[in-house]
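Asker:
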Amino acid sequence: MRIALSTGGGDAPGLNAVIRAAVLTALDLGWDVLGIKRGYAGLLGEDEVIPMTADVVRGIAHLGGTILRATNRGNPLAYETRRPDGSIEKVDRSDELIENARKMGIDAIITIGGDGSLAIAQGLFRKGMKIVGVPKTIDNDVSGTISTFGFDTAVSTALEAIDKLHTTAESHDRVIVMEVMGRDTGFIALHAGLAGTADVILIPEIPYDVQKVCDKVRARDRAGRRFSIVVVAEGAFPRDGEKSFRAAAAPGEKPRLGGIADELAIEIQMRTGKECRSLVLGHLQRGGQPTGYDRLLAARFGGAAVRAVAAEKWGHMVALQSPHIVYIPLDDVLREPKRVDPGHDVVLTARSTGISFGD
Ligand code: F6P
Numbered sequence: 031m032r033i034a035l036s037t038g039g040g041d042a043p044g045l046n047a048v049i050r051a052a053v054l055t056a057l058d059l060g061w062d063v064l065g066i067k068r069g070y071a072g073l074l075g076e077d078e079v080i081p082m083t084a085d086v087v088r089g090i091a092h093l094g095g096t097i098l099r100a101t102n103r104g105n106p107l108a109y110e111t112r113r114p115d116g117s118i119e120k121v122d123r124s125d126e127l128i129e130n131a132r133k134m135g136i137d138a139i140i141t142i143g144g145d146g147s148l149a150i151a152q153g154l155f156r157k158g159m160k161i162v163g164v165p166k167t168i169d170n171d172v173s174g175t176i177s178t179f180g181f182d183t184a185v186s187t188a189l190e191a192i193d194k195l196h197t198t199a200e201s202h203d204r205v206i207v208m209e210v211m212g213r214d215t216g217f218i219a220l221h222a223g224l225a226g227t228a229d230v231i232l233i234p235e236i237p238y239d240v241q242k243v244c245d246k247v248r249a250r251d252r253a254g255r256r257f258s259i260v261v262v263a264e265g266a267f268p269r270d271g272e273k274s275f276r277a278a279a280a281p282g283e284k285p286r287l288g289g290i291a292d293e294l295a296i297e298i299q300m301r302t303g304k305e306c307r308s309l310v311l312g313h314l315q316r317g318g319q320p321t322g323y324d325r326l327l328a329a330r331f332g333g334a335a336v337r338a339v340a341a342e343k344w345g346h347m348v349a350l351q352s353p354h355i356v357y358i359p360l361d362d363v364l365r366e367p368k369r370v371d372p373g374h375d376v377v378l379t380a381r382s383t384g385i386s387f388g389d
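Residues 31 to 389, numbered by our numbering, are exactly what the sequence shown covers, in order.
(1) For G95, which residues does DSSP report across the bridge?
(2) Taking only the alpha-carbon atoms, compute the straight-line gap between M347 and D182 and give it to the nearest angstrom.
(3) Closer than 7 angstroms: is that where the CB of R316 sits relative to any heavy atom of the ligand F6P?
(4) Buried or exposed: where does P234 fall if 16 or more other Cβ atoms within 10 Å of its Cβ makes it buried?
(5) Which class does M300 belong to by DSSP, given the choice of helix, strand or coil?
(6) Skipping 5 residues on each side, what residues in its chain have a beta carbon closer than 8 angstroms to that of A131?
(7) Would you kindly work out how many angstroms separate the C-alpha atoms of V63 and G317, rounded to a whole number?
(8) Quick check on A277: buried or exposed, where buried means 16 or more other Cβ atoms within 10 Å of its Cβ?
(9) So, are the CB atoms of A338 and P165 less than 8 angstroms apart?
(10) Starting from the C-beta of A56, find all residues in its chain whose C-beta is less than 7 angstroms away, skip the five residues before and the five after it, and write them out in chain order.
(11) Does DSSP classify G143 as helix, strand or coil?
(12) Assuming D169 contacts G95 under a Cβ cut-off of 8 angstroms, what Cβ separation, rounded to an integer in Å, is found between them?
(13) Take E264 as the anchor and find which of V247, A291 and A253 has the nearest alpha-carbon.
(14) Got a sec: does the ligand F6P put a non-hydrogen atom nearer than 7 angstroms to the Cβ of D193?
(15) At what residues does the beta strand (DSSP E) containing A349 begin and finish?
(16) Go ahead and label A199 buried or exposed: buried means 16 or more other beta carbons lie within 10 angstroms of its beta carbon, across all protein chains shown.
(17) Contact between the region 173-180 and the region 372-387: three or more CB pairs below 8 angstroms?
(18) Can you grab the Cα-Cα spacing for the pair G39 / G65, in whole Å?
(19) Taking DSSP as the reference, what is the three-state secondary structure of S173?
(20) How long is the line joining the alpha carbons of E283 and S147, rounded to whole angstroms?
(21) Would you be able to state if there are at least three C-beta pairs under 8 angstroms between the region 186-197 and the region 349-368?
(22) Using beta-carbon positions only, say whether G69 and L360 come within less than 8 angstroms of one another.
(23) Could you please give the first and the last residue of the uninterrupted alpha helix (DSSP H) stretch that includes S258?
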């Protein structure tokens with residue numbers, strides 16, 4: 031048996047721990063393992079495919095990033111190719127990819143990625159590729175799994191930042207607005223916000239009214255709490271408005287979100303007269319050492335993915351449904367993205383402990 035591993039989309043802490051566990055589990059079964067560099071680029075002749083030996087994965091479990099590299103611009107079903115005139119066209123290179131995999135003797139692929147990479151996996155599976163998925167995203171927005179690795183690390187990074195902002199905000203009687211990642215979901219903002227006892231949490235699932243945010247800031251002022259911490263997901267938006275974008279979409283990419291923290295800080299300062307500051311935590315949340323929780327989950331996913339291959343669970347994804355790792359069809363995973371449920375106990379507890387969602 032010869033399998034190949036691929037890591038696609040934005041990176042997440044824990045990728046290397048998945049790679050290590052998958053490689054060692056497969057080697058333990060007497061299989062051959064290859065690593066496809068930069069998503070699928072290695073299989074399209076645009077990068078390498080490397081042998082994955084025990085030596086290659088030695089000492090990597092605690093490292094952020096991915097030794098296989100990643101890209102969010104390498105969809106083989108719509109591969110961006112530059113025409114001679116400089117314009118971009120999208121070409122379906124999946125047949126070429128499957129043929130190259132066959133030539134290299136690859137029997138199956140384990141792809142480690144978020145919703146985009148899992149949709150590509152489903153496309154390749156439909157074209158006959160034997161493929162198993164491993165969910166990865168700091169946003170935690172993949173359905174069917176209680177958690178994705180990388181999320182806990184991102185929450186820890188955000189939490190550390192909230193703790194630090196508290197002391198400086200309090201010293202200066204300021205409102206500090208911190209923007210965290212979360213394109214379409216507010217899991218990072220919600221979990222870090224509750225754990226860090228933020229005063230306001232704004233998430234895409236609960237559109238906000240800036241007046242309500244200011245009411246909370248003023249109420250705290252009246253109670254002698256002259257500072258406030260607002261945690262906002264990059265994809266949050268006001269009831270009567272739109273998401274904030276930092277840049278238009280580059281070819282093949284989604285438009286870049288960002289700027290909501292700056293906008294809110296200006297708005298809150300104008301309306302309340304309080305001194306406001308803003309901070310965008312950005313890619314800090316994607317880097318660094320994975321937490322113990324993420325390293326363990328990543329290792330479990332890596333080992334289970336190899337067992338899914340052994341069980342011929344093609345077109346399935348490994349998922350955490352505590353206390354077990356299960357295999358679920360990609361069709362089910364991709365039917366609906368995972369979002370924060372406004373009736374979830376985390377939201378209810380945040381509300382009952384005085385956190386405002388600006389609604
Ligand atoms: O998909 C995870 C994510 O962290 C999103 O929350 C964020 O919008 C995106 O990645 C940013 O990714 P990049 O800067 O790599 O395009």
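For glycine and all other residues, C-beta sits at the position ideal for the given N, C-alpha and C. Bear in mind that the values here come from a model prediction, so they are computed numbers and not experimental data.
Answerer: Reading off the structure:
(1) Here the question's residue 95 lines up with position 65 in the sequence shown. Paired residue(s): none; G95 is not in a bridge.
(2) Translated into the one-based positions of the sequence shown, residue 347 becomes position 317. Translated into the one-based positions of the sequence shown, residue 182 becomes position 152. In a straight line, the C-alpha of M347 is about 20 angstroms away from that of D182.
(3) Along the sequence shown, read from residue 1 onward, the residue named residue 316 stands at position 286. Yes, since a heavy atom of the ligand F6P falls inside the 7 angstroms radius drawn around the Cβ of R316.
(4) By one-based count along the sequence shown, residue 234 stands at place 204. With 16 or more Cβ atoms within 10 Å of its Cβ, P234 is classed as buried.
(5) On the sequence shown, residue 300 is found 270 positions in, with the first residue counted as 1. M300 falls in the helix class under three-state DSSP.
(6) As a working mapping, residue 131 is identified with position 101 in the sequence shown. Result list for A131: A34, L73, I139 and M159, in chain order.
(7) As a first step, residue 63 must be located in the sequence shown, where it is residue number 33. As a first step, residue 317 must be located in the sequence shown, where it is residue number 287. Answer to the nearest angstrom: the Cα atoms are 26 angstroms apart.
(8) For the purposes of this step, residue 277 is identified with residue 247 of the sequence shown, where counting begins at 1. With fewer than 16 other Cβ atoms within 10 Å, it is exposed.
(9) The residue you call residue 338 lines up with position 308 of the sequence shown. The residue you call residue 165 lines up with position 135 of the sequence shown. Contact flag unset, no.
(10) Position 26 of the sequence shown, counting from 1, holds the residue named residue 56. Hits under 7 angstroms: I33, V63 and V336.
(11) Within the sequence shown, residue 143 is the residue found at index 113, counting from 1. DSSP places G143 in strand when its eight states are reduced to three.
(12) The residue given as residue 169 occupies position 139 in the sequence shown. The residue given as residue 95 occupies position 65 in the sequence shown. That belief does not hold up - the Cβ atoms of D169 and G95 are roughly 17 angstroms apart, past 8 angstroms.
(13) Here residue 264 is taken as the residue at index 234 of the sequence shown, counted from 1. For the residues V247, A291 and A253, the minimum Cα distance to E264 belongs to A291.
(14) On the sequence shown, position 163 is the one that residue 193 refers to. Every heavy atom of the ligand F6P is 7 angstroms or more from the Cβ of D193, so no.
(15) For this step, residue 349 is matched to residue 319 along the sequence shown. H346 to Q351 is the extent of the beta strand (DSSP E) around A349.
(16) Here residue 199 is taken as the residue at index 169 of the sequence shown, counted from 1. Buried is the call here.
(17) no
(18) Start at 1 with the first residue of the sequence shown, and residue 39 comes out as number 9. Start at 1 with the first residue of the sequence shown, and residue 65 comes out as number 35. Their backbone Cα atoms lie some 16 angstroms apart in a straight line.
(19) Within the sequence shown, the letter at position 143 stands for residue 173. Coil, per DSSP.
(20) Start at 1 with the first residue of the sequence shown, and residue 283 comes out as number 253. Start at 1 with the first residue of the sequence shown, and residue 147 comes out as number 117. Taking the straight line from one Cα to the other gives about 13 angstroms.
(21) no
(22) Here residue 69 is taken as the residue at index 39 of the sequence shown, counted from 1. Here residue 360 is taken as the residue at index 330 of the sequence shown, counted from 1. No, the pair does not count as a contact, with Cβ atoms beyond the cut-off.
(23) As a first step, residue 258 must be located in the sequence shown, where it is residue number 228. No alpha helix (DSSP H) holds S258; the beta strand (DSSP E) holding it covers S258 to A263.
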